[in-house]
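Reading the sequence shown from the start, the letters are residues -22 to -1, 1 to 164 in mature numbering (1 follows the signal peptide of the UniProt record, and there is no 0).
The C-beta atom is built at its ideal place from N, Cα and C for all residues, glycine as well.
This structure is a prediction, so every number in the text was calculated from the model and none was measured.
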Amino acid sequence: MRRYTLPLLAVAALTLAGCGGATSESDDTADAGTTASASTLPRADSPTAGREESDEEKAARESREASLSSASPERREVAPAPVAPAVPEPRDGAAKEIDEIPSLAQDRSPADLDYLKALKDGGISVDGVEDQMIGAAAEVCRSAASGVENYTLEAVAGQLVEQERASAPVPEIADRIASAAKSAYC
């Protein structure tokens, strides 16, 4: 008998919980003609909080409060509709079928092309890492302009050697990158 007590209590509790309603019901019916009104208090951060109201301001405020509290819901002012943004939202267009994959070739400046050609002529293969090499050149010029030693140049040169994009020693590759960057950009 004892082993059935706990399951029976659980079933009874769930049954009683299921009988409850989700809404609150009240026998008190409010008179349809009554309206509620709320008084507004001056805000502490308003510009009029620290000074006395003039008679004209007081009359205007009381008139505004009276018209709001006595206005029917149809006559109350409604907030203006939001204004459409000046710039139109981007919209998706219809999909278009393509015949071939577009190339990822970027338009490079003449300085970029000269720099990359100098690296290729110096025995450095830059195919696929052109953007990284241009970034390394920008770092060379930045460090030269600020007078700070460039620590990333030897790391880039070491990566090029490890990736077998260059066969010369790391310091020599770093010097080639620096001289090509200075002649093209700095």
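query                                                                                                                                                                                 : result
Do residue 135 and residue 152 have their CB atoms nearer than 7 angstroms?                                                                                                           : yes
Cα-Cα, which of 106, 148, 138 and 129 is closest to residue 81?                                                                                                                       : 106
Please tell me whether residue 162 and residue 116 are closer than 7 angstroms, where the distance is taken between their beta carbons.                                               : no
Does DSSP put residue 32 in a helix, in a strand, or in coil?                                                                                                                         : coil
Answer yes if the stretch 142 to 152 comes into contact with the stretch 95 to 112, meaning at least three C-beta pairs across the two stretches below 8 angstroms, and no otherwise. : yes
Name the two residues that bound the continuous alpha helix (DSSP H) containing residue 107.                                                                                          : That residue, residue 107, is in no alpha helix (DSSP H); it is neither H nor E in DSSP.
Just to check my reading of the structure: residue 118 and residue 160 have Cβ atoms closer than 8 angstroms, yes? What is that Cβ distance to the nearest angstrom?                  : 7 angstroms
With a CB to CB cut of under 7 angstroms and the five nearest residues on each side skipped, what residues in its chain are close to residue 137?                                     : none
Comparing C-alpha positions only, which one of 156, -20 and 40 sits nearest to residue 113?                                                                                           : 156
Between the Cα of residue 130 and those of 141, 142 and 111, spot the shortest distance and give me the residue it belongs to.                                                        : 111
Cα-Cα, which of 74, 108 and 67 is closest to residue 84?                                                                                                                              : 108
Rounded to whole angstroms, what's the CA-CA distance from residue 70 to residue 124? Just pull it up for me.                                                                         : 46 angstroms
Please name the residue in 32, -15, 104 and 121 whose C-alpha comes closest to that of residue 142.                                                                                   : 104
Residue range of the alpha helix (DSSP H) that residue 148 falls in?                                                                                                                  : 148 to 162
In three-state terms, what does DSSP make of residue 199?                                                                                                                             : Residue 199 lies beyond the range of the chain shown here (-22 to 164); nothing can be said about it.
How is residue 92 classed by DSSP in three states: helix, strand or coil?                                                                                                             : helix
What does the alpha-carbon distance come out to for the pair residue 93 and residue 86?                                                                                               : 11 angstroms
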